[in-house]
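Some notes on the structure that comes next.
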Amino acid sequence: MFRMYLPSPSLTPLSASLQTFVWSSFATITPGKKRPSATPFLESRVDSLPPQPRTASIEQPCEPTPSILRQCLVQKTALLKAQNSEILNLKLDISDLLLTNTKLLQQKRELRWNTKDLKAEVVSLHNDVKHLAKQTLKEMTTKDKLYGQLVHAIKIIRVLEKREDKLEQENIEGLLVNDKLEMARRDDAVELAGWKGRCKRDWFEESEREMEILHRVEALEYELSVRRKGEGREEGKAMASLRLLAGFEVDRFGEVLGRK
1 MFRMYLPSPS LTPLSASLQT FVWSSFATIT PGKKRPSATP FLESRVDSLP PQPRTASIEQ
61 PCEPTPSILR QCLVQKTALL KAQNSEILNL KLDISDLLLT NTKLLQQKRE LRWNTKDLKA
121 EVVSLHNDVK HLAKQTLKEM TTKDKLYGQL VHAIKIIRVL EKREDKLEQE NIEGLLVNDK
181 LEMARRDDAV ELAGWKGRCK RDWFEESERE MEILHRVEAL EYELSVRRKG EGREEGKAMA
241 SLRLLAGFEV DRFGEVLGRK
């Protein structure tokens, strides 16, 4: 925002050089033409001043009067003061602009630093995102491997379960076969016990019969031994016949060879 400082005009007497400058400027003014200005900006500022009363048109330069000189002096003084005020205001505006520019540069520098920090944060976040993406990919790969191992383990478990079911079925069949064999063994044992009893009874019966026969043979031999005297060969034949009757095999001499 521009600030305007307009000092109050003063009527101090001018120096000789300033009076010469004022007179030379007044002498160059021609009727119907504006006074040339140094810059358009100052010209616009001078044009904004209140209008001054103009003198009558003069075709040729003439000797100025004191009132004209005083009027020109007042105009020049007001113009110089306005120019000085404008220059001062411009200097103040320039100072404000420089201060504002300094602040803006400081803010720009801060923004640059903030931008650098933000860029560094963005790079750091980008690196973190890359790291997280790598970790996520690694975890997904690990999960896929574990899932594959789990599927393989499930397949193995199913195969083992099938084998276990098959072995259990075979075990059941084996138990049934064992039961059948046990029943057959028991039947065989019962039958064997029966055969043993039968054999034992038969053996006892045969033994009793043999003892009875032997007892009879001994009795006959004893009886014949009493009659042995004088009987000779007839006695031997009789003994052989008796032994044959008893069921024994005898040789031609009448000796017992064995049971028929």
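So in UniProt numbering, spot 159 of the sequence shown is number 159, and the numbers just go up one at a time. Glycine included, each C-beta is placed from N, C-alpha and C at the ideal position.
Kindly indicate which three-state DSSP category residue i falls into: helix, strand or coil?
| i | result |
| --- | --- |
| Val46 | Summary for Val46: the model assigns pLDDT 47, below 50, so the residue's position carries little reliability; its value from the coordinates is reported in the next sentence. In the structure shown, Val46 sits in a helix (DSSP, three-state: H, G or I). |
| Thr102 | helix |
| Thr115 | helix |
| Thr136 | helix |
| Thr65 | coil |
| Thr12 | Legend: pLDDT at Thr12 = 45, less than 50; position of this residue unreliable, value from coordinates given subsequently. In the structure shown, Thr12 sits in coil (DSSP, three-state: anything other than H, G, I, E or B). |
Expressed to the nearest angstrom, what Euclidean distance is found between the alpha-carbon atoms of residue i and residue j?
| i | j | result |
| --- | --- | --- |
| Leu176 | Glu205 | 43 Å |
| Ile156 | Glu173 | 25 Å |
| Gln75 | Arg112 | 52 Å |
| Phe21 | Asn89 | With a pLDDT of only 48 at Phe21, under 50, the local geometry of the prediction cannot be trusted, and no value is derived from it. |
| Glu221 | Glu210 | 16 Å |
| Val122 | Asn101 | 30 Å |
| Lys103 | Glu86 | 25 Å |
| Glu208 | Ala184 | 35 Å |
| Leu98 | Asn127 | 42 Å |
| Ser67 | Lys81 | 21 Å |
| Arg198 | Asn178 | 29 Å |
| Leu224 | Glu191 | 48 Å |
| residue 338 | Ala189 | Any answer about residue 338 is impossible in this case: the structure gives the chain only from 1 up to 260. |
| Lys134 | Glu168 | 49 Å |
| Ala120 | Leu137 | 25 Å |
| Glu139 | Leu105 | 49 Å |
| Ser124 | Lys143 | 28 Å |
| Gly148 | His131 | 25 Å |
| residue 261 | Ala219 | This structure gives no information on residue 261, because the portion of the chain shown stretches from 1 to 260. |
| Arg35 | Ala78 | With a pLDDT of 46 at Arg35, under the threshold of 50, the predicted position of this residue should be treated as unreliable, though the coordinate-derived value follows. Distance between the alpha carbons of Arg35 and Ala78: 15 Å. |
| Trp203 | Ala193 | 15 Å |
| Glu182 | Glu164 | 26 Å |
For residue i, which residues of its own chain have a beta-carbon under 6 Å away from its beta-carbon, when the five flanking residues on both sides are left out?
| i | result |
| --- | --- |
| Lys91 | none |
| Ser95 | none |
| Leu118 | none |
Less than 7 Å between C-beta atoms, sequence neighbours within five positions excluded: which residues of the same chain meet that for residue i?
| i | result |
| --- | --- |
| Lys108 | none |
| Lys196 | none |
Taking only beta-carbon atoms, is residue i less than 8 Å away from chain D?
| i | result |
| --- | --- |
| Leu69 | Included in the structure is just one protein chain, with no chain D present. |
Identify, in the order they occur along the chain, each residue of the same chain with its Cβ nearer than 8 Å to the Cβ of residue i, setting aside the five sequence neighbours on each side.
| i | result |
| --- | --- |
| Lys116 | none |
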